[in-house]
Amino acid sequence: MSAGELPDVDDATSSLKIDPGYQAVVCQHDRAAGVNSGQVGPCRFYDAGEHVTLGDSFSDNIHLIAVGGPAVTMFSEAGLKGNSQRYTPGIYEAVRGQFSVVGNDAITSFRVEAGYRVLICNNDSKFAKNKGDLGPCRQYREGVHNLQGTPVDNTASLITVLAGPSNGARMTVYRDRDFKGVSNKYGIGVYGATELGPVGNDKISSLKVAADHRAVVCRHDHTKPDVNVSPCRYFAAGDHKYTGADLNDDISLVAVAK
């Protein structure tokens, strides 16, 4: 409320409707009363559904609303119709049974929430050819997208859902083969050409992926939205002495997830 983000309800929120797949937390105070202190409570959690009353202590006494939900929702038909499946940040593959609802080779439209990016590829780690080549891949930012007429319509077997970049050391890339030369570490997230740090754009030759993590790297990044970023390659956890001749010194996008 102190930021002017609740102008329609002011200090008078007394009921809520929350869409399926989403949750909300409402609090009696906002940052005006709790800057750098965390003292925004009391707070209350609400799941999806209609909440006709918030209770005596919360009705007409809400100053902060936080809404959470799936980063991405995939649909089997155009126009956000058909079978649907929600995804939080991570790498998902058909071979792992992670397309069980929307279906393997079945995604036609999807919605990406604000602050997230999605990489969609034809192949997953099992069926990838040429030492991990994931086939045609495209990256998308927030908004509603239809895949009709693109090479990933009804062919997707791997998706990477990420925000970012973030701090951490889940992946290390090197300018030279065999983990030599200038290096840079990345946390979970997606990194484009301008976010690759000291190692530089189109300079990566080898990489290490931390235990229990996975990575996808691509020749192109998101600077041209909704275009083919291929070729892309999947890397499991471990040390990879060489990215492959087709991607050596030619990587502009790095995605890291658990």
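Using my numbering, the first residue of the sequence shown is number 631, and each one after it goes up by one. The beta-carbon is built from N, C-alpha and C at its ideal position, and this holds for glycine as well.
Distance CB(residue i)-CB(residue j) smaller than 8 angstroms
| i | j | result |
| --- | --- | --- |
| A678 | Q653 | yes |
| L710 | V774 | yes |
| I751 | C657 | A quick correction: the sequence has Cys, not Ile, at residue 751. Their beta carbons are not under 8 angstroms apart, which means C751 does not touch C657 by this criterion. |
| T738 | Q778 | yes |
| H681 | V670 | no |
| A708 | N776 | yes |
| S836 | K871 | yes |
C-alpha distance - residue i paired with residue j, whole-angstrom precision
| i | j | result |
| --- | --- | --- |
| I834 | S860 | 16 angstroms |
| Y722 | Y864 | 12 angstroms |
| D832 | D869 | 20 angstroms |
| A696 | K647 | 13 angstroms |
| T814 | F757 | The question names Thr, but residue 814 in the sequence shown is Asn. Taking the straight line joining both Cα atoms gives about 30 angstroms. |
| V886 | G733 | 24 angstroms |
| G830 | Y676 | 45 angstroms |
| G798 | A840 | 11 angstroms |
| D638 | T790 | 36 angstroms |
| D808 | N858 | 29 angstroms |
| R661 | L792 | 28 angstroms |
| R674 | V655 | 6 angstroms |
| R800 | V884 | 12 angstroms |
| D851 | D880 | 11 angstroms |
| E635 | H693 | 10 angstroms |
| S796 | I818 | 6 angstroms |
| F740 | G698 | 18 angstroms |
| G685 | P650 | 22 angstroms |
| S882 | A724 | 25 angstroms |
| T643 | V748 | 34 angstroms |
| K810 | G874 | 16 angstroms |
| D876 | G794 | 26 angstroms |
| C848 | D763 | 10 angstroms |
| R844 | A736 | 23 angstroms |
| T785 | D754 | 11 angstroms |
| E838 | V812 | The question names Glu, but residue 838 in the sequence shown is Lys. Computed Cα separation, rounded: 14 angstroms. |
| Y746 | R771 | 6 angstroms |
| N878 | F688 | 58 angstroms |
| M631 | R805 | 48 angstroms |
| N691 | T824 | 44 angstroms |
| L826 | T683 | 49 angstroms |
| E743 | P828 | 30 angstroms |
| R717 | S706 | Residue identity differs from the one stated: residue 717 is Tyr in this sequence, not Arg. The straight-line gap from Cα to Cα measures roughly 14 angstroms. |
Identified DSSP bridge partners for residue i
| i | result |
| --- | --- |
| Q769 | L749 |
| S714 | F705 |
| T802 | K815, K838 |
| A887 | R844 |
| T790 | I721, L749 |
| N858 | R768 |
| G868 | V839 |
| I692 | DSSP, once it has assigned bridges, lists no residue as partnering I692. |
| Q653 | G698 |
Counted within 10 angstroms of its Cβ, other Cβ atoms place residue i as buried (16 or more) or exposed
| i | result |
| --- | --- |
| P719 | buried |
| V820 | buried |
| P766 | buried |
| F729 | buried |
| A701 | buried |
| V803 | buried |
| V731 | exposed |
| G727 | exposed |
| S714 | buried |
| S610 | Outside the shown range of the chain, which is 631 to 888, sits residue 610, and nothing can be said about it. |
| S787 | buried |
| G822 | buried |
| T853 | exposed |
| T703 | buried |
Any chain D beta carbon closer than 8 angstroms to residue i
| i | result |
| --- | --- |
| T643 | No chain D appears in the structure shown, which is made up of a single protein chain. |
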